[in-house]
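Counting the sequence shown from 1 gives a position; this note's numbering is that position plus 1. Glycine included, C-beta positions come from ideal geometry on N, C-alpha and C. As the structure is a computational prediction, the values presented were derived from the model and not from experiment. Worksheet: one structure, shown below.
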Amino acid sequence: MRIDLHAHSTASDGTDSPGALMEVADAAGLDVVAITDHDTTAGWEAASAALPPGRTLVRGAELSGRWYGAEPTVGLHLLAYLFDPGHGPLTAELARVRRSREQRADKIVALLNADGIDVTVPEIREYAAGGTVGRPHLAQALIRRGLVATVSEAFAPEWLGHRYRLPKADIDVFTAVRLVNEAGGVSVLAHPRASSRGHIVPDTLIAELAEAGMWGIEADHMDHPPADRAHVRALARDLGLRVTGSSDYHGVNKTVRLGASTTDPLVYQEMISTATGTVPLTG
Ligand code: AMP
Ligand code: FE
Ligand code: FE
Ligand code: ZN
């Protein structure tokens, strides 16, 4: 069984539609794929409808979390799986973050305009195509103007990585863990050692999150060098957290291929027997 539990579609900052994502997963030989768009479940329905025979879809999302217990505060991503998409308090938090993302994009456009870069708000909305707005959509506008060549160049400090970076509203990470659990889902800390984001998630915080009911942690991820993967595995063993491996596929917005990292079938079995918010779907 090949299982990839982290992939993005055009419902956020991936470049494959949810339906196309199912086809790519099929072609990659994945038995199980999770759709985990940023702060939304908008891709669930179209992905479900496009599920090829014999392939399984895990419906999830990647929540924009933040830990307020340090100065500066620490942004982190929490994967949530198999939660009830109708859970009011959780959906309200997701909607709040999506609105804040739109407002942040508008402000970044204004900053770029002030420096004579003529990107527009309607253009960014068009790239987002109704999905969750993210910095990769601003990166598209910079690429279109020939200011940078790739999405990853657009994340350099002189662009969206620092100079034109603004905060968005996030979900207090302890609240996020609690809401996912209340909605019958399970939560997994995404790429905790991805230092390209300017920081790593401290082990002490991971221990507190485990205590608060977080279910697992991503060890195999392209942003984790081998030593970090080993560190995450050892920490997970100490804390009783399950370990996942996933691609974090974003279509052509990132170089990683779907299925580049995978999750142990035993961990997947435990996930689906724990979650109660919704079920995996098999085509
Ligand atoms: P946002 O969630 O809008 O703050 O944007 C963060 C998203 O940008 C991440 O989820 C990735 O999809 C993407 N991203 C972040 N850093 C990079 C990078 N160095 N190269 C390409 N994409 C990146
Ligand atoms: Fe992303
Ligand atoms: Fe992430
Ligand atoms: Zn992701």
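Is the separation between the beta-carbon of residue i and that of residue j shorter than 8 Å?
i: G186; j: Y82; result: yes
i: H39; j: S10; result: no
i: T279; j: G132; result: no
i: A21; j: G61; result: no
i: L282; j: S13; result: no
i: I172; j: A155; result: no
i: G15; j: G284; result: no
i: E24; j: A51; result: yes
i: I207; j: P193; result: yes
i: A191; j: E63; result: yes
i: A195; j: H225; result: yes
i: H138; j: I125; result: yes
i: V189; j: G217; result: yes
i: V120; j: A93; result: no
i: H43; j: Y250; result: According to the sequence provided, residue 43 is Ala. The question's His does not apply to it. No, the Cβ-Cβ distance between A43 and Y250 is not below 8 Å.
i: K108; j: L167; result: yes
i: V122; j: V110; result: yes
i: R243; j: E209; result: no
Regarding residue i and ligand 2, is the C-beta to nearest heavy atom distance less than 7 Å?
i: G135; result: yes
i: S296; result: For the chain, the structure presents residues 2 to 284; residue 296 sits outside this window and is missing.
i: S262; result: no
i: S13; result: yes
Tell me where the alpha helix (DSSP H) around residue i begins and ends.
i: L180; result: V174 to E183
i: H232; result: P227 to L240
i: E94; result: G89 to A115
i: G20; result: P19 to A28
i: R145; result: R136 to R145
i: E154; result: V152 to A155
i: T37; result: Where T37 is concerned, there is no enclosing alpha helix (DSSP H), although the beta strand (DSSP E) it sits in stretches over V33 to H39.
i: S49; result: W45 to A50
i: L190; result: It is not in any alpha helix (DSSP H) - L190 instead sits in the beta strand (DSSP E) that spans V187 to L190.
i: T279; result: Where T279 is concerned, there is no enclosing alpha helix (DSSP H), given that its DSSP letter is neither H nor E.
i: A129; result: V122 to A129
i: T205; result: D204 to E212
Return yes when at least one heavy atom of ligand 4 lies under 7 Å from the C-beta of residue i, else no.
i: E63; result: yes
i: W78; result: Looking at the sequence itself, residue 78 is His, so the reference to Trp does not match. It does: the Cβ of H78 is within 7 Å (strictly closer) of some heavy atom of ligand 4.
i: A35; result: no
State the start and end residues of the unbroken beta strand (DSSP E) segment that holds residue i.
i: W68; result: T57 to W68
i: E72; result: First-last for E72: undefined, no H or E at that position.
i: A220; result: G217 to D221
i: T16; result: Looking at the DSSP string, T16 is not in any beta strand (DSSP E), and its letter there is neither H nor E.
i: V244; result: R243 to G246
Does the beta-carbon of residue i, which I'm using as the reference point, lie nearer than 7 Å to any heavy atom of ligand 1?
i: H39; result: yes
i: D17; result: no
i: R102; result: yes
i: D107; result: no
i: S188; result: no
i: S247; result: no
i: N254; result: yes
i: V152; result: yes
i: S196; result: no
i: F84; result: no
Can we count residue i as close to ligand 3, meaning its CB is less than 7 Å from some heavy atom?
i: A276; result: no
i: D5; result: no
i: H251; result: no
i: A191; result: yes
task: Would you check if the stretch 202-219 and the stretch 67-86 touch, i.e. whether three or more CB-CB distances between them fall below 8 Å?
output: yes
Cβ contact (3+ pairs, closer than 8 Å) linking the stretch 84-92 and the stretch 102-113: no
query: Does the stretch 252-266 come within contact of the stretch 221-230, defined as at least 3 CB pairs closer than 8 Å?
result: yes
message: Below 8 Å, how does it come out for the stretch 176-186 and the stretch 146-166: are there three or more Cβ pairs, yes or no?
response: no
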